[in-house]
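S.K.: Just so we're aligned, residue 0 is where the sequence shown starts under numbering that gives the first Met the number 0, counting upward by one. We put the beta carbon where it would ideally sit given N, CA and C, even for glycine. Model, not experiment: these values are computed from the prediction.
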Amino acid sequence: MPEHTPASEPASAAPALVLHDAPLSGHAHRVRLFLSLLGLPWRSQVVDLKAGEHKRPAFLAMNRFGQVPVLQDGDVVLADSNAILVYLNARYAPDPTLWLPADPVGTARVQRWLSLAAGPLAFGPAAARIALLMGRPTDEAAVARAHALLQVMDAHLATQDFLAAARPTLADIAHYAYGPSRRKAMWRWTPIRRCGPGWPASRPCRASCPCRARGSACWPERRRDAP
Ligand SMILES: N[C@@H](CCC(=O)N[C@@H](CS)C(=O)NCC(=O)O)C(=O)O
Numbered sequence: 000m001p002e003h004t005p006a007s008e009p010a011s012a013a014p015a016l017v018l019h020d021a022p023l024s025g026h027a028h029r030v031r032l033f034l035s036l037l038g039l040p041w042r043s044q045v046v047d048l049k050a051g052e053h054k055r056p057a058f059l060a061m062n063r064f065g066q067v068p069v070l071q072d073g074d075v076v077l078a079d080s081n082a083i084l085v086y087l088n089a090r091y092a093p094d095p096t097l098w099l100p101a102d103p104v105g106t107a108r109v110q111r112w113l114s115l116a117a118g119p120l121a122f123g124p125a126a127a128r129i130a131l132l133m134g135r136p137t138d139e140a141a142v143a144r145a146h147a148l149l150q151v152m153d154a155h156l157a158t159q160d161f162l163a164a165a166r167p168t169l170a171d172i173a174h175y176a177y178g179p180s181r182r183k184a185m186w187r188w189t190p191i192r193r194c195g196p197g198w199p200a201s202r203p204c205r206a207s208c209p210c211r212a213r214g215s216a217c218w219p220e221r222r223r224d225a226p
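1. Whose CA, out of I172, G123 and P68, lies closest to the CA of P22?
2. Can you tell me whether A163 is helix, strand or coil according to DSSP?
3. Based on the DSSP output, what are the partners of V17 in its beta bridges?
4. Taking Cβ positions, are L84 and V17 nearer each other than 9 Å?
5. According to DSSP, simplified to helix, strand and coil, what is L169?
6. Give me the Cβ distance between R108 and A163, rounded to the nearest whole Å; I'm assuming they're in contact under 8 Å.
7. Pull the bridge partners of V233 from the DSSP assignment, please.
8. Ignoring anything shorter than 4 residues, give me the alpha helix (DSSP H) runs that lie fully in the stretch 73–127, in order along the chain.
9. Once the 5 residues before and after I172 are set aside, which same chain residues still bring their CB inside 8 Å of it?
10. What is the rounded straight-line gap between the Cα of L156 and the Cα of P56?
11. Using DSSP with H/G/I as helix, E/B as strand and the rest coil, what is G25?
12. Around ligand 1, what residues have a beta-carbon under 5 Å from a heavy atom of it, in chain order?
13. A154 and V142: beta carbons closer than 9 Å?
14. If L232 and G123 are in contact, beta carbons under 8 Å, what's the gap, nearest whole angstrom?
15. So, at 8 Å on beta carbons, what are the nonlocal neighbours of G73 in its own chain, with the 5 sequence-adjacent residues on each side left out?
16. Could you pull the start and end residues of the alpha helix (DSSP H) that A140 belongs to?
17. Please report how far the alpha carbon of L132 lies from the alpha carbon of Q66, in whole angstroms.
18. By the 10 Å Cβ neighbour count, where 16 or more other Cβ atoms means buried, how is T158 classified, buried or exposed?
19. Shortest alpha-carbon distance to A117 belongs to which of P93, A89 and S80?
20. Count the other CB atoms, across all protein chains shown, that sit within 10 Å of the CB of H174; report buried if there are 16 or more and exposed otherwise.
21. Taking the beta carbon of V151 as the centre, do at least 16 other beta carbons fall within 10 Å, making it buried, or is it exposed?
22. Determine the closest residue to P40 out of N62, Q71 and A101, with distance taken between C-alpha atoms.
23. Using the Cα positions of G46 and R63, report the straight-line distance between them to the nearest angstrom.
Rendered as structure tokens:
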């Protein structure tokens, strides 16, 4: 039951946020990634999927679909990874419009990618991966869906640095666990290792990043800065 406490927090403060979690879950990973980027203290409550804990009454009372992740924040209990991202952003991000733009076009662009994360990403790369992890026969239909999606994402990321805006948004967070591949543009795509406005000081880019000398946000430097 690991606890994650930012350096600025006293070690004794019990995290109010509890993530009902599974270490290999990509859907849970997107929540863990965002919790970490926001620098929030949280605690992981691992759900034993192999033992079927997620289908027992105690868990079903939190999520009738019997799936991780589920976030508990005091009296608030939320299921569904994308819904949790939206909640954490609205509730805790210093400037929620950085991760989810407030203008109509910006909001819609992020929402489009969240829908793709709940559809083609879940039934493509995520489904193909779970078959592999479980030692099941290759899920050919899922593999075909994965290739179709990743091809579109790769073409998209060849012309822009991030999925939905000029900076990382919830769209990138939602896709990152299952998305990266050795495709041309995608291997350089990352919503992490960044700095600039709204970026948590505890998660800076590396010291050699050109943005340090320039004193500005570093994400437009992604290609030159790529390893
Ligand atoms: N729409 C859900 C999907 C979550 C999901 O598929 N979780 C998987 C783990 S990655 C799970 O709990 N699978 C167990 C099951 O469906 O029985 C979300 O975004 O949170």
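M.R.: Per the coordinate set shown:
1. P68
2. coil
3. R42 and Q71
4. no
5. helix
6. 4 Å
7. For the chain, the structure presents residues 0 to 226; residue 233 sits outside this window and is missing.
8. 80–91, 95–98 and 103–115
9. R29, L32, F33, L36, L84, W98 and P190
10. 43 Å
11. helix
12. S24, H26, Q66, V67, D79 and S80
13. no
14. Because the chain here runs from 0 to 226, residue 232 falls outside it and cannot be looked at.
15. A15
16. E139 to T158
17. 17 Å
18. exposed
19. S80
20. buried
21. exposed
22. Q71
23. The sequence given here places Val at residue 46; Gly does not occur at that position. Going from the Cα of V46 to the Cα of R63 covers about 15 Å.
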